[in-house]
Each structure stands twice: as C-alpha cells, then as structure tokens.
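Residue numbers (our numbering), protein chains in the order written: chain P, 185 to 283; chain W, 85 to 175; chain C, 444 to 758. Cβ coordinates follow ideal geometry from the N, Cα and C atoms, glycine included. Here the structure is a predicted model, which is why all the values come from computation and not from measurement. See below for the structure under consideration.
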C-alpha cells in the first residue's frame with residue numbers, strides 16, 4: 185500500500201516534469217533557455233517515472249533494466265544538450281550569422 | 085494501478101503532440117532537434133509505463149533501444165550541423 | 444463510456460497522420476527529418492498497441508534511429524550542394540502522388556478482402572512451434588518456416604551496400620568527410636555507451652530464440668554502436684582491411700548459401716533443417732546475419748569516410 189502510494193507520487197511528479205518541460209520548450213524565448221527546460225524534463229521526469237516503476241517491480245532484473253534505461257537516457261541526454269549548446273554558442277559568435 | 089499508468093502514458097503522448105508546435109516553428113535547427121530529443125525521452129517513459137501496465141517485459145527492451153539510438157541521432161545531427169556551417173562559411 | 448485504450452489508440456493514430464503530413468509538406472529538410480524521427484517513435488508505440496513487440500523493436504532501431512541517421516547524412520550532402528530548403532519539382536510530385544494513390548487504393552482493396560476477425564496464421568504457427576528449433580513464433584517464422592524470405596532479405600541488404608560502396612569508390616557521390624575533431628564529452632559518452640551497446644545487442648540476439656528480439660534488431664544496434672565509435676574518432680570498421688570487410692558483409696548470405704547447398708547435397712529440401720542440430724544452425728545463422736547487418740549499417744552511414752585505397756589488383 186505504502187509502496188503503491190509512493191509509486192503514484194513519483195510517476196505523477198515525473199509526468200508533471202515532462203508537462204512543464206514541454207511548456208518550457210513552447211514558451212521560453214531562446215534556444216538556450218529551451219535547452220534548460222529540456223534537460224529538466226529529460227533527467228528528472230524520466231528519473232522519477234523510473235523510480236515509481238522500480239517500486240512496483242517484482243524482480244531485481246527488472247529494477248536493473250529500468251536503471252540501465254535511465255542511466256543511458258540521462259548520459260546521452262545531457263551529452264546531447266551540451267553538444268547542442270556548444271554548437272549554438274559557436275554559431276551565435278559568428279560574425280555573419282544567417283540563422 | 086494499471087489504469088493510472090496508461091493515463092500517465094496518455095498525458096506523455098499529449099506532450100509530444102504539443103511539442104510539435106516547436107518543431108515546426110523552430111527557428112533554429114537545434115530547436116527542432118532538441119524537440120526530437122525530448123520526444124525520444126518521452127517515448128522511453130511511455131514505453132516503460134506501458135510495459136508495467138500491460139505486463140509486457142519486452143517493451144523495456146524497446147525503451148532501451150530508443151535511449152541508445154537517441155544518442156546516435158543527436159551525435160550525427162551535431163556533426164552534421166557543424167559540417168553544414170563549415171561548408172556555408174566556405175561558400 | 445469510451446475505454447481508455449480507445450482514447451490512447453485514437454491519439455496515436457491522429458498523431459501519426461499529423462506527423463506524416465508535416466514531414467512531407469514542411470519546406471525545410473531539417474524540420475522534415477525531425478518530424479520523421481518523431482513519426483518513427485510514435486509508430487513504435489502503435490506497434491506496441493497492436494501487440495507486435497518484435498516490430499516495435501525493429502521500428503525503434505531502424506525507423507526512428509537508423510533511418511533518421513541516414514536521412515541526416517543525405518541532407519548533409521544535399522545541403523552542401525544546394526541548401527536545406529526543398530525545391531520540389533512538379534513532375535516528381537505528381538508521380539509520387541500517383542504512386543502513393545495507387546498503393547493506397549490497392550491496400551484498401553486488399554483490406555476489404557480480409558474477412559473481419561481473421562485469425563491469420565498465428566494459430567498454425569503456435570501449433571507447429573514444437574517442431575521448430577526455437578521457442579519464439581516470430582523467430583521460427585523468420586529462420587525456419589520462411590527461411591527463404593530471410594535469405595533473400597539478407598541478399599537485398601548486401602546488394603544495397605555493394606551499390607553504395609561502388610558508387611563511393613568511383614566518386615559518383617559527393618564525399619564530405621566527417622569532422623573528426625571529437626569533443627572529449629562525446630568520447631566520454633561513447634566510452635560509457637559502447638560496452639552497453641555490445642552487451643545489449645548480444646542479449647537481443649539471444650532473446651530472439653524465446654522472446655521478441657533477433658538477428659536484425661541486434662545487428663542494427665551493433666551497427667549503431669559502430670557508428671558512434673567512428674563518430675567519436677575511434678576507428679574500428681573503417682580500419683578493417685577491405686577484403687575482410689567484404690567477407691564479413693556477405694557473411695549472412697554466405698551462411699544461407701552454404702547451408703542450402705549442404706542440405707541439397709544431403710538430399711533434403713532447400714533450407715529444410717535437420718531435426719538434430721537445428722537449433723545450433725539457427726543460432727549460427729542469426730550470428731552471421733547480425734554481423735553482416737551491423738557492418739552494412741556502419742558502411743552505409745560512415746562509408747563515405749572509409750579510407751578507400753585505389754582499387755586492389757583483382758586476381
């Protein structure tokens with residue numbers, strides 16, 4: 185029962201992070217702030233959902249796979265955002281920018 | 085519990101639908117790709133939720149493939165964009 | 444009250460149509476590809492809802508991932524020639540419209556022929572499953588009942604990669620080398636991901652005998668790992684001797700050809716697997732196909748970056 189409650193809480197919080205991340209992507213004024221919104225949804229949203237599901241898991245193997253999914257997504261997500269921010273920053277500093 | 089999980093997946097699907105506006109609006113290529121990145125993670129989360137809701141373990145494998153290939157697509161994009169800029173400067 | 448599943452399915456279907464239209468009609472190549480990747484993602488969700496996890500795996504690996512990479516690669520070459528804005532020719536448009544309309548009409552006609560609630564062949568496969576070497580229906584169809592189809596599929600892949608390599612060797616396609624100044628962050632990511640990719644593709648190959656998975660998905664995943672390594676400046680496939688690369692690319696087709704030849708000589712039917720040792724044969728074939736698919740994937744994407752020596756002296 186307690187586990188179910190915690191699970192509900194974590195998954196709901198995770199979904200809320202995705203919703204707010206999407207709002208941020210839609211409403212924020214420039215690409216850097218939008219990247220900011222993305223990383224929050226990406227990391228925390230998925231992390232909380234994985235946490236909620238792990239509380240429901242019946243075997244250690246399932247928990248392991250869930251954790252692996254989150255680790256891979258978190259690593260690639262943050263790397264991708266770093267690379268994109270780096271790319272945009274270089275582009276913004278170019279003298280003849282034709283975005 | 086499983087109804088709750090499916091509703092959560094449905095909300096995630098709705099955020100993908102809303103995010104499409106940013107893909108078409110851009111303005112930069114990075115904006116579009118960061119949406120694709122967000123969709124990828126959202127899809128991963130939805131798959132994990134459905135795997136639990138319908139008790140289908142293989143869906144977790146699908147989610148892991150998604151996560152790995154999202155990294156590949158993004159890397160190729162950044163390389164691509166860098167080269168495009170390079171060739172534009174050269175022109 | 445409308446069921447939750449119906450709401451989910453209708454949302455997926457509507458999203459798919461919107462994504463397809465956006466992907467086709469947006470003028471910017473980049474936007475189009477971003478929409479296409481999202482389309483593959485939602486398509487995988489659709490396969491999940493249609494209870495086809497094997498197809499969801501393939502769609503996630505090939506549809507959203509690999510095709511996205513190939514399209515980005517193509518856009519890169521196009522952008523270097525004439526920018527990222529699309530300039531559709533009306534003739535091309537008209538022809539593709541006619542072809543698409545024709546296929547659409549044919550599909551609808553075929554759909555009307557199917558009796559409602561047709562069971563398909565699922566029941567027949569389930570009954571015959573104990574006769575095969577593996578415990579998963581999809582794998583038994585691919586490598587036992589209909590092994591001939593899979594034989595030809597590997598041959599089609601081989602033809603495709605031969606075409607690409609030949610065109611590149613003769614400079615008919617414009618070649619722009621990848622920028623190889625790898626960022627340390629990217630190298631770090633690849634260093635962490637590469638072992639995961641390797642183990643996971645092995646797992647998918649093994650899972651194929653009793654659960655969704657199999658040679659093609661494992662091969663594409665392994666290939667994705669290879670591309671990541673190449674992009675991070677770790678040259679594995681591009682350092683392979685050309686002769687070895689050719690042999691490995693044709694490993695799947697060679698395996699099938701060897702098997703059918705041996706079976707015919709032994710007086711059995713083409714690809715009629717012997718009872719004893721069938722499992723070993725199927726798994727060996729799966730490994731061969733996975734290796735070929737992986738190298739094909741890497742060659743298609745980073746092929747233009749392979750260090751091409753002048754054509755070797757053929758004996």
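Inter-residue spacing [alpha-carbon to alpha-carbon] between residue i and residue j
i             : j             : result
residue 670/C : residue 156/W : 8 Å
residue 619/C : residue 690/C : Here the model assigns residue 619/C a pLDDT of 49, short of 50, so the residue's position is not dependable, and the following value carries that caveat. So the alpha carbons of these two residues sit roughly 26 Å apart.
residue 559/C : residue 565/C : 15 Å
residue 696/C : residue 512/C : 25 Å
residue 682/C : residue 608/C : 15 Å
residue 587/C : residue 723/C : 12 Å
residue 476/C : residue 644/C : 26 Å
residue 545/C : residue 461/C : 21 Å
residue 685/C : residue 88/W  : 55 Å
residue 214/P : residue 187/P : 41 Å
residue 471/C : residue 210/P : 20 Å
residue 594/C : residue 195/P : 45 Å
residue 772/C : residue 641/C : Beyond the ends of chain C as shown, which are 444 and 758, falls residue 772/C; an answer cannot be given.
residue 135/W : residue 142/W : 7 Å
residue 692/C : residue 721/C : 24 Å
residue 628/C : residue 672/C : 13 Å
residue 605/C : residue 212/P : 47 Å
residue 678/C : residue 160/W : 16 Å
residue 700/C : residue 626/C : 44 Å
residue 650/C : residue 508/C : 21 Å
residue 597/C : residue 153/W : 22 Å
residue 144/W : residue 708/C : 44 Å
residue 401/C : residue 271/P : The first residue shown for chain C is 444 and the last is 758, placing residue 401/C beyond what the model contains.
residue 137/W : residue 524/C : 49 Å
Partners in chain P for residue i, counting only beta-carbon separations shorter than 7 Å
i            : result
residue 99/W : 202, 203, 206
Among the options, the one whose alpha carbon lies nearest that of residue i
i             : options                    : result
residue 742/C : 667/C, 716/C, 555/C, 491/C : 667/C
residue 142/P : 95/W, 154/W, 111/W         : The structure shown does not extend to residue 142/P, since chain P is modelled only from 185 through 283, so no value can be given for it.
residue 745/C : 514/C, 548/C, 479/C        : 514/C
residue 728/C : 740/C, 714/C, 739/C        : 714/C
residue 201/P : 189/P, 248/P, 232/P, 190/P : 232/P
residue 146/W : 138/W, 101/W, 128/W        : 128/W
residue 224/P : 252/P, 267/P, 199/P        : 199/P
residue 735/C : 459/C, 687/C, 702/C, 572/C : 687/C
residue 162/W : 504/C, 553/C, 473/C        : 473/C
residue 132/W : 254/P, 228/P, 266/P, 265/P : 254/P
residue 577/C : 675/C, 653/C, 465/C        : 653/C
residue 519/C : 123/W, 91/W, 113/W, 140/W  : 113/W
residue 467/C : 455/C, 456/C, 454/C, 482/C : 482/C
residue 189/P : 236/P, 229/P, 208/P        : 236/P
residue 230/P : 98/W, 102/W, 91/W, 151/W   : 151/W
residue 264/P : 631/C, 664/C, 503/C        : 631/C
residue 268/P : 138/W, 148/W, 115/W        : 115/W
residue 730/C : 571/C, 600/C, 657/C, 543/C : 657/C
Extent of the continuous alpha helix (DSSP H) to which residue i belongs
i             : result
residue 500/C : 496-501
residue 659/C : 658-674
residue 115/W : 113-137
residue 195/P : 186-211
residue 638/C : 627-650
residue 491/C : 472-492
residue 217/P : 215-224
residue 460/C : 447-468
residue 653/C : Residue 653/C -> no alpha helix (DSSP H), and no H or E assigned at all.
residue 539/C : 533-556
residue 593/C : 590-612
residue 705/C : 694-708
residue 240/P : 230-240
residue 678/C : Run containing residue 678/C: none; DSSP gives neither H nor E here.
residue 85/W  : Residue 85/W -> no alpha helix (DSSP H), and no H or E assigned at all.
Listed by chain order, chain C residues near residue i by CB distance under 8 Å
i             : result
residue 260/P : 632, 636
residue 267/P : 626, 628, 629
residue 111/W : Near residue 111/W there are no residues of chain C at all, since even the closest Cβ is about 10 Å away, more than 8 Å.
residue 116/W : 473, 474, 477
residue 130/W : 488
Partner residues on chain C for residue i, Cβ-Cβ distance less than 7 Å
i             : result
residue 263/P : 628, 629, 632
Beta-carbon neighbours of residue i, restricted to chain P and to distances below 9 Å
i             : result
residue 639/C : 252, 255, 256
Interface partners of residue i on chain W, CB under 9 Å
i             : result
residue 441/C : With chain C represented from 444 up to 758, any question about residue 441/C goes unanswered, as that position is not in the structure.
Partner residues on chain P for residue i, Cβ-Cβ distance less than 8 Å
i             : result
residue 106/W : 209, 210, 218
residue 144/W : 246, 249, 250, 253
Beta-carbon neighbours of residue i, restricted to chain W and to distances below 8 Å
i             : result
residue 240/P : 85, 136
residue 670/C : 156, 160
residue 273/P : The premise fails here: residue 273/P is roughly 10 Å from chain W at the closest Cβ pair, so nothing lies under 8 Å.
Proximal residues of chain W, C-beta to C-beta of residue i below 7 Å
i             : result
residue 508/C : 153, 156, 157
Partner residues on chain C for residue i, Cβ-Cβ distance less than 9 Å
i             : result
residue 133/W : Residues of chain C passing the Cβ test: none, with the nearest at roughly 11 Å.
Would the stretch 92-111 of chain W count as touching the stretch 237-253 of chain P if we require 3 or more Cβ pairs under 8 Å?
Judged by Cβ distances under 8 Å, the stretch 92-111 of chain W makes no contact with the stretch 237-253 of chain P, as fewer than three pairs qualify.
Three or more C-beta pairs closer than 8 Å, one from the stretch 218-233 of chain P and one from the stretch 116-126 of chain W: is that the case here?
Output reads yes: the stretch 116-126 of chain W touches the stretch 218-233 of chain P.
Within the chosen definition, does the stretch 243-263 of chain P reach the stretch 623-641 of chain C through at least 3 CB pairs nearer than 8 Å?
As far as the Cβ criterion goes, the stretch 243-263 of chain P touches the stretch 623-641 of chain C, which means the pair count is three or higher.
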